[in-house]
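**Q** Quick note on full-length UniProt numbering: the sequence shown kicks off at 1 and runs consecutively. Glycine residues also receive a C-beta, built at the ideal position from the N, C-alpha and C atoms. I'd like to ask you about the structure that follows.
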Amino acid sequence: MIKPIIMAGGFGTRLWPLSRQLFPKQFLALDGERSLLQTTIKRLNNIPHQSPTIICNEQHRFVVAEQLRTSEALDANILLEPKAKNTAPALALAAFDALQRGDDPILLVLASDHMIKKETSFLSAVEKAKTLAEKEKLVTFGVIPTKAETGFGYIKLGHAVADGFNVEQFVEKPDLETAKLYFNSKQYYWNSGMFMFKASVYLNELETFRPDIFEVCKAAFETQKSDIDFYRYDNDIFESCPDESIDYAVMENTKAAVVVPLDAQWSDVGSWSSLWDIEAKDDHGNVCKGDVLALNTKNSLISSNDRLVATIGLDDVVIVDTKDALLVSKRSEVQQVKNIVAELNVQGRKEAEINRKVYRPWGKYDCIDAGERFQVKRITVKPGAKLSLQMHHHRAEHWVVVKGTAKVTKDDEEILLTENQSTYIPVGSVHALENPGLVNLELIEVQSGSYLGEDDIVRYQDEYGRA
Numbered sequence: 001m002i003k004p005i006i007m008a009g010g011f012g013t014r015l016w017p018l019s020r021q022l023f024p025k026q027f028l029a030l031d032g033e034r035s036l037l038q039t040t041i042k043r044l045n046n047i048p049h050q051s052p053t054i055i056c057n058e059q060h061r062f063v064v065a066e067q068l069r070t071s072e073a074l075d076a077n078i079l080l081e082p083k084a085k086n087t088a089p090a091l092a093l094a095a096f097d098a099l100q101r102g103d104d105p106i107l108l109v110l111a112s113d114h115m116i117k118k119e120t121s122f123l124s125a126v127e128k129a130k131t132l133a134e135k136e137k138l139v140t141f142g143v144i145p146t147k148a149e150t151g152f153g154y155i156k157l158g159h160a161v162a163d164g165f166n167v168e169q170f171v172e173k174p175d176l177e178t179a180k181l182y183f184n185s186k187q188y189y190w191n192s193g194m195f196m197f198k199a200s201v202y203l204n205e206l207e208t209f210r211p212d213i214f215e216v217c218k219a220a221f222e223t224q225k226s227d228i229d230f231y232r233y234d235n236d237i238f239e240s241c242p243d244e245s246i247d248y249a250v251m252e253n254t255k256a257a258v259v260v261p262l263d264a265q266w267s268d269v270g271s272w273s274s275l276w277d278i279e280a281k282d283d284h285g286n287v288c289k290g291d292v293l294a295l296n297t298k299n300s301l302i303s304s305n306d307r308l309v310a311t312i313g314l315d316d317v318v319i320v321d322t323k324d325a326l327l328v329s330k331r332s333e334v335q336q337v338k339n340i341v342a343e344l345n346v347q348g349r350k351e352a353e354i355n356r357k358v359y360r361p362w363g364k365y366d367c368i369d370a371g372e373r374f375q376v377k378r379i380t381v382k383p384g385a386k387l388s389l390q391m392h393h394h395r396a397e398h399w400v401v402v403k404g405t406a407k408v409t410k411d412d413e414e415i416l417l418t419e420n421q422s423t424y425i426p427v428g429s430v431h432a433l434e435n436p437g438l439v440n441l442e443l444i445e446v447q448s449g450s451y452l453g454e455d456d457i458v459r460y461q462d463e464y465g466r467a
């Protein structure tokens with residue numbers, strides 16, 4: 001039986017400003033109503049499989065859990081990496097976990113942030129890979145190139161075997177001239193970063209070629225503990241693990257590596273330009289998302305997430321407008337977006353880390369306005385959800401309910417508020433907010449005080465393990 005392993009730990013800086021550190025591209029709906037993670041899970045519907053395992057980090061755990069819930073993938077396991085150590089250690093934890101849960105399943109390793117337009121072709125490739133994995137091969141999926149691409153690593157094909165090829169060599173991202181040679185030779189595939197192999201085979205090869213990684217991951221796995229919907233591992237043990245990809249640790253060393261061709265309109269959505277490449281375009285070569293009016297504009301990607309964006313006389317540009325940041329770039333230069341993010345981090349600016357709209361396990365909030373000594377938020381609390389029992393040292397809060405019912409705890413007092421009712425939370429008051437109703441609770445929160453940072457929270461009780 002196939003067990004999907006979905007890696008969801010990336011930060012997606014090249015799709016800034018839509019993608020942020022705390023809400024990266026795998027959680028964004030770039031091609032419809034579902035996020036890339038949710039689409040990856042849905043793609044499994046036509047494959048007989050065990051419950052999937054999601055690997056993510058501490059910061060994204062509640063976003064992952066919520067997106068699984070809305071995808072009705074409630075049987076999924078969520079493994080939390082104590083620290084990002086690349087794919088080889090992460091997959092070792094997943095392989096140990098899979099073996100502990102039953103027999104020796106075939107792991108289908110997928111990234112959470114890829115697009116695949118031709119899903120029937122993907123399913124066909126998975127069937128071919130499964131046959132090879134059953135013969136104890138380590139299978140990688142090689143994307144048949146459509147152009148000379150410098151943004152991907154490549155796989156050089158060896159001798160044909162069954163429905164694939166032996167891997168002769170993995171090569172790094174090439175310069176343009178080398179990429180043209182690879183493309184014209186027809187002997188190289190793009191390295192998709194997707195794999196298929198038995199859990200035991202991967203661990204045996206990892207132990208053979210990188211026993212240091214194997215031993216640390218084995219020791220860390222033995223500390224596995226369940227925490228609500230998540231599985232955790234000892235931080236100190238995992239911290240000592242080398243940072244290494246599966247390509248370097250195993251695939252470049254093993255004699256059992258084979259590549260299965262994938263011709264499925266695949267994209268790793270590694271930049272705004274790659275999104276433009278695969279999306280449907282209008283008669284002028286434009287990809288327009290949201291409220292866009294494009295006059296005499298061609299070959300461009302224009303994305304509006306909150307308001308009208310109008311363009312005149314542009315060619316080969318990318319425009320991405322969000323509530324708190326605007327990106328304008330030549331389409332050929334969008335790989336430099338990561339440098340913008342790096343500079344924002346150097347300057348300590350919040351636009352690199354967080355969107356104006358922030359998702360929490362209990363719902364979300366949107367920072368409507370802020371100034372010296374005040375901040376205004378629109379807060380949405382899901383039915384039955386509750387914020388932690390907490391206190392602030394430096395700020396007071398005013399709450400006005402605009403929809404639903406709020407159950408408010410304020411020191412020793414407990415009150416119910418409905419639409420158009422309000423309450424005041426003084427500095428130092430121990431308080432909590434809960435939605436006892438069946439519809440979303442929406443309220444406006446006005447904060448005032450000498451310090452308004454999110455770290456001015458002392459939690460006493462919390463349903464989500466944050467106290």
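Spell out a yes or no on whether the segment 216-236 and the segment 110-128 are touching, meaning 3 or more CB-CB pairs, one atom from each, closer than 8 angstroms.
**A** Cβ pair count under 8 angstroms is below three, so no.
**Q** Going by DSSP, name the residue or residues bridged to residue 288.
**A** Sequence index remark: in the sequence shown, residue 288 carries index 288 (1-based). DSSP lists 302 as partners of residue 288.
**Q** If we require 4 or more residues per run, which alpha helix (DSSP H) segments fall completely within the segment 206-273?
**A** Counting whole runs of 4 or more residues, the segment 206-273 contains the alpha helix (DSSP H) stretches 211-221, 235-239.
**Q** Excluding the 5 residues preceding and the 5 following residue 225 in the sequence, name in chain order all residues of the same chain whose CB lies nearer than 6 angstroms to its CB.
**A** Walking along the sequence shown from the start, residue 225 turns up at place 225. Result list for residue 225: 232, in chain order.
**Q** Under the three-state reduction of DSSP, which class applies to residue 84: helix, strand or coil?
**A** As a working mapping, residue 84 is identified with position 84 in the sequence shown. If DSSP states are grouped into helix, strand and coil, residue 84 belongs with coil.
**Q** Pairs of beta-carbons, one from the segment 186-201 and one from the segment 126-143, closer than 8 angstroms: are there three or more?
**A** Taking 8 angstroms as the limit for Cβ pairs, the verdict is that the segment 126-143 does touch the segment 186-201.
**Q** Nearest by alpha-carbon distance to residue 238: which of 258, 247, 215, 251 is it?
**A** Taking the first residue of the sequence shown as position 1, residue 238 is located at position 238. Among 258, 247, 215, 251, the Cα nearest to that of residue 238 is on 215.
**Q** Is residue 61 closer than 7 angstroms to residue 80 when the C-beta atoms are compared?
**A** Along the sequence shown, one-based indexing puts residue 80 at 80. Along the sequence shown, one-based indexing puts residue 61 at 61. Contact: yes.
**Q** Assign residue 335 to one of three DSSP states: helix, strand, or coil.
**A** Taking the first residue of the sequence shown as 1, we reach residue 335 at position 335. Note: residue 335 maps to helix in three-state DSSP.
**Q** In whole angstroms, what separates the C-alpha of residue 158 from that of residue 345?
**A** Along the sequence shown, read from residue 1 onward, the residue named residue 158 stands at position 158. Along the sequence shown, read from residue 1 onward, the residue named residue 345 stands at position 345. When rounded, the distance between both Cα atoms is 43 angstroms.
**Q** Which whole runs of the beta strand (DSSP E) in the segment 354-384 are 3 residues long or more, in chain order?
**A** You should have 357-360, 363-371, 374-381.
**Q** Residue 31: which of 203, 303, 333 sits nearest, CA to CA?
**A** Along the sequence shown, one-based indexing puts residue 31 at 31. When each option's Cα is compared against that of residue 31, the closest is 303.
**Q** Threshold first: 3 residues or longer. Then list the beta strand (DSSP E) segments lying entirely within the segment 59-141, N to C.
**A** If we require 3 residues or more, the beta strand (DSSP E) runs fully inside the segment 59-141 come out as 77-81, 106-111.
**Q** Quick check on residue 392: buried or exposed, where buried means 16 or more other Cβ atoms within 10 Å of its Cβ?
**A** Here residue 392 is taken as the residue at index 392 of the sequence shown, counted from 1. So residue 392 ends up on the buried side.
**Q** Is residue 276 helix, strand or coil when you go by DSSP?
**A** As a working mapping, residue 276 is identified with position 276 in the sequence shown. Looking at residue 276 - three-state DSSP - the assignment turns out to be helix.
**Q** Residue 192 by DSSP, collapsed to three states: which one?
**A** Start at 1 with the first residue of the sequence shown, and residue 192 comes out as number 192. If DSSP states are grouped into helix, strand and coil, residue 192 belongs with the strands.
**Q** Residue 255 and residue 106 look like a contact to me (Cβ under 8 angstroms); what is the Cβ gap, rounded to whole Å?
**A** Your numbering for residue 255 matches position 255 in the sequence shown. Your numbering for residue 106 matches position 106 in the sequence shown. About 19 angstroms separates the two Cβ atoms, so there is no contact after all.
**Q** Classify residue 457 as helix, strand or coil using the three-state DSSP reduction.
**A** Walking along the sequence shown from the start, residue 457 turns up at place 457. Coil, per DSSP.
**Q** Does the beta-carbon distance from residue 6 to residue 229 come in below 7 angstroms?
**A** As a position in the sequence shown, residue 6 is number 6, starting the count at 1. As a position in the sequence shown, residue 229 is number 229, starting the count at 1. Cβ atoms of residue 6 and residue 229: not closer than 7 angstroms.
**Q** Grouping DSSP H, G and I as helix and E and B as strand, with all else coil, what is residue 47?
**A** In the sequence shown, the residue the question calls residue 47 occupies position 47. It is coil, neither helix nor strand.
**Q** Classify residue 55 as helix, strand or coil using the three-state DSSP reduction.
**A** Indexing the sequence shown from 1 puts residue 55 at position 55. Three-state result, residue 55: strand.
**Q** Roughly how far, in whole angstroms, is the beta-carbon of residue 383 from the beta-carbon of residue 438, given that I think they are within contact range, below 8 angstroms?
**A** As a first step, residue 383 is located in the sequence shown; it is residue number 383 there, counting from the start. As a first step, residue 438 is located in the sequence shown; it is residue number 438 there, counting from the start. 5 angstroms between Cβ atoms; contact.
**Q** Straight-line CA distance for residue 370 to residue 442?
**A** For the purposes of this step, residue 370 is taken as the residue at position 370 of the sequence shown. For the purposes of this step, residue 442 is taken as the residue at position 442 of the sequence shown. Those two C-alpha atoms are separated by around 19 angstroms.
**Q** Between which two residues does the alpha helix (DSSP H) harbouring residue 350 extend?
**A** The residue you call residue 350 lines up with position 350 of the sequence shown. Element bounds for residue 350: n/a, residue is neither H nor E.
**Q** Below 8 angstroms, can you find three or more Cβ-Cβ pairs linking the segment 68-77 to the segment 167-181?
**A** Taking 8 angstroms as the limit for Cβ pairs, the verdict is that the segment 167-181 does not touch the segment 68-77.
**Q** By the 10 Å Cβ neighbour count, where 16 or more other Cβ atoms means buried, how is residue 312 classified, buried or exposed?
**A** For this step, residue 312 is matched to residue 312 along the sequence shown. Exposed.
**Q** Based on the DSSP secondary-structure assignment, which residues constitute the bridge partners of residue 6?
**A** Here residue 6 corresponds to residue number 6 of the sequence shown, with the count starting at 1. DSSP, once it has assigned bridges, lists 54, 110 as partnering residue 6.
**Q** Where does the unbroken alpha helix (DSSP H) through residue 166 begin, and where does it stop?
**A** Translated into the one-based positions of the sequence shown, residue 166 becomes position 166. Not the alpha helix (DSSP H): residue 166 falls in the beta strand (DSSP E), residues 164-171.
**Q** Can you give me the C-alpha to C-alpha distance between residue 25 and residue 404, rounded to a whole angstrom?
**A** Within the sequence shown, numbered from 1, the residue matching residue 25 stands at position 25. Within the sequence shown, numbered from 1, the residue matching residue 404 stands at position 404. Spanning the two alpha carbons is a distance of roughly 31 angstroms.
**Q** Output the distance between the C-alpha atoms of residue 234 and residue 213, rounded to the nearest integer angstrom.
**A** The residue you call residue 234 lines up with position 234 of the sequence shown. The residue you call residue 213 lines up with position 213 of the sequence shown. Using only the alpha carbons, I get a separation of about 15 angstroms.
**Q** Just grab the DSSP bridge partners of residue 536 for me.
**A** Lying before the first or after the last residue shown, residue 536 is absent from the chain, which here runs from 1 to 467.
**Q** By the 10 Å Cβ neighbour count, where 16 or more other Cβ atoms means buried, how is residue 67 classified, buried or exposed?
**A** Mapped onto the sequence shown, residue 67 falls at position 67. Buried is the call here.
**Q** Please name the residue, chosen from 398, 387, 301, 167, that lies closest to residue 329 on a Cα-to-Cα basis.
**A** Here the question's residue 329 lines up with position 329 in the sequence shown. If we check each option's Cα against that of residue 329, 301 comes out closest.
**Q** State the CB to CB distance for the pair residue 468 and residue 260, rounded to an integer number of angstroms; the pair is presumed to be in contact (CB under 8 angstroms).
**A** Look at the range of the chain in this structure, 1 to 467, and you will see that residue 468 is not part of it.
**Q** What three-state label does DSSP hand residue 22 in the structure shown?
**A** The count along the sequence shown starts at 1 and reaches residue 22 at position 22. Three-state DSSP puts residue 22 in coil, outside helix and strand.
**Q** Rounded to whole angstroms, what's the CA-CA distance from residue 284 to residue 315? Just pull it up for me.
**A** As a position in the sequence shown, residue 284 is number 284, starting the count at 1. As a position in the sequence shown, residue 315 is number 315, starting the count at 1. Answer to the nearest angstrom: the Cα atoms are 10 angstroms apart.
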